[in-house]
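Reviewing the structure listed below.
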Amino acid sequence: MSQSRFESLRDLLPADLFQDDDATLAAFESDGLTAFRCRPQGVVLPRTNEEVIRTVQWCHENSVPFVARGSGTSLSGGSMPVSDGIVISLNRLQKILSLDPDNRIAVVQPGVVNLQVSAAAAPHGLYYAPDPSSQKICTIGGNVAFNSGGAHCLKYGMTSNHVVGIQAITATGKLVEFGGQSVESIGPDWTGLFCGSEGLFGIALEITLRLLPKPEQFHTVLVGYHSLRDAGDAVSAVIESGLLPGAMEIMESLAIEAAEAATACGYPKDAEAVLIVELEGPREKLAAEQAQLESVIAGTNAFETVVAENAEQRDKIWAGRKSAFSAAGLLSPDFLVQDGVVPRKRLGEALERIQVISSASGLRVANVFHAGDGNLHPLILFDDSVPGELERAEACAGEILRLCIEMGGSITGEHGVGVEKRDFMPEMYDQPTMDLMHRLRHAFDPQQIANPGKMFPGTEAPALTAHGLHPLEKAGVISRE
Amino acid sequence: MSNDQKFPSADAGDVQVASSVTDLQQRVRDGQKLLPVGRQTKAPLAAFAVDYQAISLNTLSGIQEYEPSEYTFTALAGTPLSEIVAALASQRQYLPFDPVLIDQGATLGGTVGSGINGPGRQRYGGLRDFILGAEIVTGDGHLVSTGGKVVKNAAGFDVPKLMVGSCGRLGILTSLTFKVFPAPPFQLSGGVVCQNVQDACQVIAQLAAGRWELDAIDFDPQAMTVYFRLAGPEAACLQLAANLQQHLGREVVMLPELDHWSQIAQLRCFSSSHSLVARLPADLSLIKHLHQFAHQHADEFAYRVSVAGALAWLSFSHGVLAEFQAFLSQHQAAALVIRQEGGDRVTQPLLGARQVSTSQQSVQQAIKLAMDPTQAFPPLLDFVPVAAQ
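Written out as structure tokens, the structure reads:
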């Protein structure tokens, strides 16, 4: 497309909203999946819904691809640009439009940062439950597009479980309103369909969120095990006891080593695996449940148990867990991370198979996972300066995803398919199901201009460049789940 | 007399039975126009698709997989909820959203299709929050497997959620996978008598935002009482109840069992003289207006509030239908008729006049065609414009 064609878009918008200088384009050419880069033709930085609508309608009329983007923390390349299209950056749409404490809902713009919702709700004793690790910086718009998860999904679900309504502009420039202001609705759950559609349907302009009462207290326990299997068995024991923890996380030795080096988190020495279990709720309930948890843990092969006595100790336990991925940079110059899911009872088997895959590839794999919901996060460590290691790492990642499919799980629990895992979609879903998803995409976007190259295989291949930590990750601002 | 006899299906004599999923696929490929039904415990939802053959899924029944350690089960769509609830209870697990009409024979598929939640929706969410996967016969006769069978999955479009409340208009659900939770060891209910509806709404808001993590918060305007339910270890529930009473500074009546919950679960909480039962998504502001409307039509209209004000269950006589339509129109609200009896019938189950733009309609219609390219299933329930009275 000739550059002059974008002049009509520039003219359509207030001055400086359309930018195509090298510095701006470079800033938007990648997201949290730094393996992929692609320079767009321009970036639009709208300040109002009307400017977003005008831009999308222009894209529709001119058949120009667009990629909506928040803070660019996607780990699956979900907001990676396309070379013949534009990026619509939504960070300036950052208002919390209303907050209704009586009905416990908030209406927000897509550029509102996840944690800001909880900050605004806090004076009313409320909070927004989904807590992806990048919640200090990731936006609600991006969370909605990729149905983001977090450490508390088992109990509270993912983003879509907390979205009540959406006003959106579709890829064909139509303004739609799905859901409403009540958690109850009538008719097909259009809102549920829109959540997690990875930007392929259009752009959410106003999002109505469900707020929950803030848990009064937390009870966080860190347990050391001499084997990963013992830690896995402990998860099963907690589940069988009837407890419903807010979070259950496991880290194995390589990840512990990295976390310890980065944060001196004081995890049990010589542990092959640590388990973090967190209960939450009113103090009366916690008093009963923590005794129950203590009894369950006592029945496992734990060799050390640490109970957080205060908020500071709790933060320290979580700091180790949350730093694990960025800390992997201390073990290896580059790494890939996957987020496949397996049935919880097959976690031990999955980890053994990952170990075999790791040995065969000659690459180390550090495992951290949301044990409560079977959500793996293998970190495949490699050095991009060694010829062939990147390819081996990608092959290793692919084998792990296939393992998840074979075990009846999913290729992604919370990062989304994006660019990274699109080739595996037809392995997870059969042809009629893939055909249906294509038809649904077509219903919103017959020209396939909204976030092309994501979720579906066989579309524009992005340029592959060196892996490494996201700059924000290096700075310690964000971390990966 | 059972409730099924009390609320007969409009098309009870004209229902064919699917023998298998393949049979369903073949019927669609043969060009049959079908409307899937279960045991028709919510008969109005199936009663108005006159050109469509009601096809029963009752023979597609049974739990296919249940892994208590996974917190998941998969069952055929025609499986009665009673069978599922019993299987879960045997493993001390449950569906936290309190599915309704279990005793009347409601099926899993019909529950998803109608999108109805009970009072327990308050704490952990509704059907939409617990559905993980759905196998569906689409309008081109294919069987698609959407979503997944594990508790966490972000791959692909969330078609299972789309099917919640779709009333058989987008495809035929054949098999469903759900997340479940451990059942609480103990439940304790209580009632707070309020002075008026404003006071009740204030109490509801206080309870819902409070530290007690209540499982359910409902309101019965006839008793002018807000009911709540605590769940968890017994000692904790008793302590929390005491703390709640202290916090509110008013009398709280504690009850081990509460008729209100079972009445809502069976939709038997209303006057027998009313012919229609409907559900109305709401908020506390709408509840106050609804109270006024009910007061003005006391003999013909009654309501109860569920899910901390997010839902109103209504019962009313056909004679008040026009006034109620006008009320819905005035407040841009919509209600869905779930049950009816007697000779007078609504002409379609969706009441109200919520404005839907042309562009929105075209997008919804495009989604409908993606699911149902041959229009094998009835059109989407639509909103009928109502002139102000």
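Residue numbers (our numbering), protein chains in the order written: chain Y, 1 to 481; chain E, 1001 to 1389.
Glycine included, C-beta positions come from ideal geometry on N, C-alpha and C.
Applying the criterion that 16 or more other CB atoms from any shown protein chain within 10 Å of the CB defines a buried residue, is L97(Y) buried or exposed? exposed
Mind checking E289(Y): buried by the 16 CB within 10 Å criterion, or exposed? buried
In chain E, what lies closer than 8 Å to Q181(Y) by C-beta? D1283
Where does N367(Y) fall in DSSP's three states? strand
Under 8 Å, do V419(Y) and L33(Y) count as touching if we go by C-beta distance? yes
Identify whether Y1124(E) lies in helix, strand or coil by the three-state DSSP scheme. helix
Run of the beta strand (DSSP E) containing M434(Y), from where it starts to where it stops: From DSSP, M434(Y) is part of no beta strand (DSSP E) but of the alpha helix (DSSP H) over 431-444.
Using three-state DSSP, classify L1369(E) as helix, strand or coil. helix
Which whole-angstrom value is the C-beta distance of F1228(E) and A1200(E), which I expect to be below 8 Å? With 8 Å as the limit, F1228(E) and A1200(E) do not qualify as a contact, their Cβ atoms being about 12 Å apart.
List the whole-angstrom C-beta distance separating A1294(E) from A1302(E), where the pair is believed to meet the contact cut-off of C-beta under 8 Å. 6 Å
Tell me which residues of the segment 442-455 of chain Y have at least one Cβ-Cβ distance to chain E shorter than 8 Å, keeping chain order. H442, A443, F444, M455
Specify whether the segment 1204-1224 of chain E and the segment 1165-1172 of chain E touch according to this definition: at least 3 beta carbon pairs, one from each stretch, less than 8 Å apart. no
Helix, strand or coil: how does DSSP classify R1169(E) here? coil
Does the CB of P1379(E) have a neighbour CB from chain Y at under 8 Å? no
What three-state label does DSSP hand V1193(E) in the structure shown? strand
Examine chain E for any beta-carbon lying closer than 8 Å to the beta-carbon of Y128(Y), and answer yes or no. no
Just list the beta strand (DSSP E) runs in the segment 46-99 of chain Y, keeping only unbroken ones of 3 residues or longer that don't cross its boundaries, in chain order. 66-69, 86-89
Going by C-alpha to C-alpha distance, which of L1369(E), Q1266(E), C1194(E), Q1296(E) sits closest to I1338(E)? Q1266(E)
Secondary structure, beta strand (DSSP E): runs of 3+ residues fully inside the segment 1035-1084 of chain E: 1053-1056, 1063-1067, 1072-1076
Which one of L401(Y), Q431(Y), M251(Y), C59(Y) has the shortest CA to CA distance from R229(Y)? M251(Y)
Taking only beta-carbon positions, decide if A237(Y) is within less than 8 Å of chain E. no
Checking contacts by CB at 8 Å: is A466(Y) closer than that to chain E? Any reading at A466(Y) is ruled out, since the residue's pLDDT is 49, under 50, leaving its predicted position unreliable.
When the cut-off is 8 Å and only beta carbons count, does S1362(E) lie next to chain Y? yes
Report the residue from A1322(E), L1369(E), M1371(E) whose alpha carbon sits nearest the alpha carbon of T1347(E). A1322(E)
Note down, in chain order, each residue of its chain lying with its Cβ closer than 7 Å to the Cβ of D1140(E), except the 5 sequence neighbours on either side. P1373, T1374
Entirely within the segment 288-346 of chain Y and at least 3 residues each: give me those beta strand (DSSP E) ranges in chain order. 304-307, 334-337
May I have the straight-line CA-CA distance separating S253(Y) from A247(Y), to the nearest angstrom? 20 Å
Please list the residues of the segment 381-410 of chain Y that have a C-beta atom closer than 8 Å to any C-beta atom in chain A, keeping them in chain order. Annotation note: the requested chain A is absent from the structure, which comprises protein chains Y and E.
If distances are taken between C-alpha atoms only, which option among G125(Y), Y127(Y), S160(Y) comes closest to G141(Y)? S160(Y)
Under 8 Å by beta carbon: chain Y residues contacting W1212(E): P282
Helix, strand or coil for S410(Y) per DSSP? strand
Between which residues of its own chain and E198(Y) is the CB-CB distance below 8 Å, once the five residues before and five after are set aside? G78, A145, F146, G416, V417, G418, N451, K454, M455
Could you compute how far the alpha carbon of D1011(E) sits from the alpha carbon of H1274(E)? Note that D1011(E) scores 46 on pLDDT, short of 50, meaning its location in the model is unreliable; the coordinates nonetheless yield the value given after this. The alpha-carbon atoms of D1011(E) and H1274(E) are separated by roughly 21 Å.
Thinking C-beta only, is F6(Y) closer than 8 Å to G81(Y)? The identity of residue 81(Y) in the sequence shown is Pro, whereas the question assumes Gly. No.
So, helix, strand or coil for I137(Y), using DSSP? coil
By the 8 Å beta-carbon criterion, what residues does the segment 1110-1134 of chain E contribute toward chain Y? G1115, N1117, R1121, Y1124, G1125, G1126, R1128, D1129
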